[in-house]
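Novice: For the sequence shown, my numbering begins at 224 and goes up steadily by one.
My structure is below; once you've seen it, I'll send some questions.
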Amino acid sequence: MMNKKYFTALAQYNYWADQIAIEWLNQISEEQWNLINVSSFSSIKHTAIHIASAEKVWIDFWTKVSDPVYLSVGFKGSKDDLIEIWKKSSAGLKDFIETYPDDKYMEQVSFRYPGGGEGHMEFWQTISHIVNHSTYHRGQLVTLLRQAQFTRLSSIDLATYYITNKNTMPDNELTERIEKH
224 MMNKKYFTAL AQYNYWADQI AIEWLNQISE EQWNLINVSS FSSIKHTAIH IASAEKVWID
284 FWTKVSDPVY LSVGFKGSKD DLIEIWKKSS AGLKDFIETY PDDKYMEQVS FRYPGGGEGH
344 MEFWQTISHI VNHSTYHRGQ LVTLLRQAQF TRLSSIDLAT YYITNKNTMP DNELTERIEK
404 H
């Protein structure tokens, strides 16, 4: 069963976690931003670009932008430029999901892969994908920040979000969900 409240909560979590990660980036130096490390991407900068790019491009896919832009292909802006793009994309993603009609969650979304080719998934699957994708790479961002000697980190785990944002899901609905599993 597709539950808009659940997917809205995931989008709100994604926004919350992005804002914390963005605040970490606001605190690091240019040297830390560009420090080369071994991970999926070679630096904090490239990891942040990848997250922001993915969140932005999914909004493009949902809104059927004719020529979606992958920021991760050739982004030349500054750290502040990227942070501003990421903030807007994160808020835009949350707002889009919150206002998307319930009856369209099963509709197909067409998308293009960065290297070419086209794919299709149901809208609800794309939400799950982007939240999972961003969570995965924010975890890598934590490791890269630690390697760059940045230690003012806090938990951005989904459980932490639910515990600290109790208004996200009514207690009775959360209890019902837990009891079903």
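Ideal Cβ positions, reconstructed from N, Cα and C, are used throughout, including at glycine.
Just so you know, these numbers come straight off a predicted model, no measurement behind them.
Who are the near neighbours of Thr387 in its chain, counting only those whose CB is closer than 8 Å to its CB and skipping five residues on each side?
Specialist: none
Novice: Please report the residue range of the alpha helix (DSSP H) in which Ser351 lies.
Specialist: Element bounds for Ser351: Phe346 to Gln370.
Novice: Measuring CB atoms only, is the region 245–263 touching the region 326–342, in the sense that at least three cross pairs come out at less than 8 Å?
Specialist: Not touching, per the Cβ criterion.
Novice: Excluding sequence positions up to five away, which residues of its chain have a Cβ less than 7 Å from the Cβ of Phe319?
Specialist: Ile282 and Trp285, listed in sequence order.
Novice: Under 8 Å, with one C-beta from each stretch per pair, do the region 238–251 and the region 356–365 reach the 3-pair mark?
Specialist: yes
Novice: Hey, quick one: how far does the beta strand (DSSP E) through Phe334 stretch, first residue to last?
Specialist: Gln331 to Arg335
Novice: Helix, strand or coil for Gly315 per DSSP?
Specialist: helix
Novice: Among the residues of its own chain, which have a CB less than 8 Å from the CB of Tyr328, if the five just before and after it don't count?
Specialist: So the qualifying residues of the chain are Met225, Lys227, Phe230, Glu345, Phe346 and Trp347.
Novice: How big is the Cα-Cα spacing for His356 and Pro324?
Specialist: 23 Å
Novice: Let me make sure I understand the geometry here. Which of Gln331, Ile251 and Val332 has the alpha-carbon closest to that of Ala371?
Specialist: Selected option, being the one with the closest Cα: Ile251.
Novice: Starting from Thr383, follow the alpha helix (DSSP H) in both directions and report where the run begins and ends.
Specialist: Counting along the chain, the unbroken alpha helix (DSSP H) around Thr383 starts and ends at Leu381 to Thr387.
Novice: Do Ile379 and Leu233 count as a contact pair if the criterion is CB distance below 8 Å?
Specialist: no
Novice: Quick one: using the 10 Å Cβ neighbour count with 16 as the cut-off for buried, is Thr270 buried or exposed?
Specialist: buried
Novice: Can you say whether Ala382 is buried or exposed, counting buried as having 16 or more other CB atoms within 10 angstroms of its CB?
Specialist: Exposed is the label assigned to Ala382, since fewer than 16 other Cβ atoms lie within 10 Å of its Cβ.
Novice: Rounded to the nearest angstrom, how far is the Cβ of Phe298 from that of Ile272, given a contact under 8 Å?
Specialist: The pair is a contact, with the Cβ atoms about 5 Å apart (cut-off 8 Å).
Novice: Which same chain residues, not among the five before or five after Val365, have their C-beta less than 7 Å away from its C-beta?
Specialist: Leu376
Novice: Work out the CA separation of Val354 and Lys406 for me, nearest whole Å.
Specialist: The requested residue 406 is not part of the displayed model; the chain covers only 224 to 404.
Novice: Does the distance from the C-beta atom of Lys279 to that of Ile306 stay below 8 Å?
Specialist: no
Novice: Which residue marks the beginning of the alpha helix (DSSP H) containing Val280, and which one marks its end?
Specialist: Ile267 to Trp285
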